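Colleague: In the numbering used here, the protein residues as written are 284 to 621.
For glycine and all other residues, C-beta sits at the position ideal for the given N, C-alpha and C.
Please read all numbers here as calculations on a predicted model, not as lab measurements.
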Amino acid sequence: MRKTSLRLMLGAMLSAVMLVTGCGGQATSSSSSSSSTPAASTTTPAPAPSASEEREVKHFMGSTKIKGTPQRVVALTSESTEAVLALGITPVGAVMSGLGKPGDPWHPHIKEKMKDAVDLGDENQPNVELIASLKPDLILGTKGRQGQEKVYAQLSTIAPTVFSEDLVGRWKINFALYSEALNKKAEGDKLMADFDKKIEDAKGKLGDKAKMKVSVVRFVAGKTRLYLKDTFSGVVLSQLGFARPASQDIDEFKKDIPKELMAEMDGDVMFYWVGDYSGDGSANKYTEEWMKDPLYQKLNVAKNNKAFQVNEVIWNVGGGILSAELLVDDIVERFSKL
């Protein structure tokens, strides 16, 4: 369950790096942390601690001591995998990308960089024995996956382990935490400043089109879901200045709707993806049924041909800084054609 008090305090803890003595990578007693969007550094950063120095990183499972700059990193979420790659390190192992599968575990935009990484299975049940065999010097995971939280203590006996709170709308906060754990705070601040500049450049290209109300929807077999503001795409859309329909202008993650509430899908433009996770076409059939329904045909997005299918990897499950950059590009390109 999300802990609001922890979210409100993470930013302060992520900016505090303490030199400590002693050895080991075990977590100490749990403590609260706060959250804030990382900002670009305006002063010359202090040099990173040397390989012989220890740092204490506070996170959502407690406090972990990390020596120097980790090189053998294990990433247990898609967003942490993207963070590690963006910061110039290839994980020795990672869980499958959100839409990965055995034999083809990585999303297309990271596949080449991840060709030498070991697939550690599903993020809800990572292979702990395989993780141990890789002899990592840092493990990045999340409290937002119960399967990971259950093995946190076990993971901490393998290597220093740092957990984010969850994987909804806090990708920028989590990126700051991962940068801290990797001893690459200055590099992380620079990457985030570059991303924020990309956002400002995109705003200039979008112009008045950024005033349009954007609806975000997912269809899977038997279920239609509105993606609200506390989501990966919701955070990016908000930073770009887009408004949301009243039904989606909520600081929460999602809302599932029946056909009777189909009007809540409407907006000036609707972006949607189809989660055909079973591969049997049932999700596509379900989507077609909704879009042929008379209630759907009454929506502005239907009458004005403003409903567009998008790539779920980029709009949802990628979840990290690399996907965010691609999402901004996709949004700018799509609105340039409206």
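Please classify Tyr461 as buried or exposed, where buried requires at least 16 other C-beta atoms within 10 Å of its C-beta.
Modeller: Position 178 of the sequence shown holds residue 461. It is buried - the Cβ of Tyr461 has at least 16 other Cβ atoms within 10 Å.
Colleague: Quick one: give me the first and last residue of the alpha helix (DSSP H) that Asp613 is part of.
Modeller: Within the sequence shown, numbered from 1, the residue matching residue 613 stands at position 330. 604 to 619 is the span of the alpha helix (DSSP H), which, as asked, contains Asp613.
Colleague: What residues in its chain sit with their C-beta under 7 Å from that of Leu450, if we drop five residues either side in the sequence?
Modeller: The residue labelled residue 450 in the question sits at position 167 within the sequence shown. Here the set comprises Thr360, Glu362, Thr425, Gly427, Gly602.
Colleague: Taking only the alpha-carbon atoms, compute the straight-line gap between Ser318 and Ile456 and give it to the nearest angstrom.
Modeller: Indexing the sequence shown from 1 puts residue 318 at position 35. Indexing the sequence shown from 1 puts residue 456 at position 173. Only weak support exists for where Ser318 lies, its pLDDT of 36 falling under 50; the value from the coordinates is given anyway. Going from the Cα of Ser318 to the Cα of Ile456 covers about 6 Å.
Colleague: As a quick exercise: from Phe446, Gln580, Lys494, pick the residue whose alpha carbon is nearest that of Ser521.
Modeller: One-based indexing of the sequence shown puts residue 521 at position 238. The residue with the shortest Cα to Cα distance from Ser521 is Lys494.
Colleague: For a test of the three-state rule: what should DSSP assign to Thr440, helix, strand or coil?
Modeller: Taking the sequence shown and counting its residues from 1, the one referred to as residue 440 is at position 157. Thr440: helix per DSSP, three-state reduction.
Colleague: Which of helix, strand or coil does DSSP assign to Asp539?
Modeller: Here residue 539 refers to the residue found at position 256 of the sequence shown. Strand, per DSSP.
Colleague: In terms of residue numbering, what span does the alpha helix (DSSP H) encompassing Leu368 cover?
Modeller: Position 85 of the sequence shown, counting from 1, holds the residue named residue 368. That run of the alpha helix (DSSP H) goes 361 to 369.
Colleague: Measure the alpha-carbon distance for Ser316 versus Phe343 and round it to whole angstroms.
Modeller: Position 33 of the sequence shown, counting from 1, holds the residue named residue 316. Position 60 of the sequence shown, counting from 1, holds the residue named residue 343. Caution is warranted here: a pLDDT of 35 is assigned to Ser316, below 50, making its placement in the model unreliable, and no coordinate value can be reported.
Colleague: Could you name the residues of the same chain whose beta carbon sits closer than 8 Å to that of Gln408, not counting the 5 residues immediately before and after it, in chain order?
Modeller: Within the sequence shown, numbered from 1, the residue matching residue 408 stands at position 125. Counting only Cβ-Cβ distances below 8 Å, and skipping sequence neighbours, we find Gly430.
Colleague: Nearest to Ile540 by alpha carbon, out of Val357, Arg501, Asp479?
Modeller: In the sequence shown, counting from the first residue as 1, residue 540 sits at position 257. Ranking the options by Cα distance to Ile540, first place goes to Arg501.
Colleague: Judging by CA-CA distance, which residue of Lys586, Asp402, Val497, Thr373 is the nearest neighbour of Gln354?
Modeller: Numbered from its first residue, the sequence shown carries residue 354 at position 71. If we check each option's Cα against that of Gln354, Thr373 comes out closest.
Colleague: Between Val611 and Ile482, what straight-line distance do the alpha-carbon atoms span, to the nearest angstrom?
Modeller: On the sequence shown, position 328 is the one that residue 611 refers to. On the sequence shown, position 199 is the one that residue 482 refers to. Their backbone Cα atoms lie some 7 Å apart in a straight line.
Colleague: Within this structure, are the beta carbons of Glu470 and Leu370 separated by less than 9 Å?
Modeller: Residue 470 sits at position 187 when you count from the first residue of the sequence shown. Residue 370 sits at position 87 when you count from the first residue of the sequence shown. Contact flag set, yes.
Colleague: Is the beta carbon of Gln531 less than 9 Å from the beta carbon of Glu547?
Modeller: Along the sequence shown, read from residue 1 onward, the residue named residue 531 stands at position 248. Along the sequence shown, read from residue 1 onward, the residue named residue 547 stands at position 264. Contact: yes.
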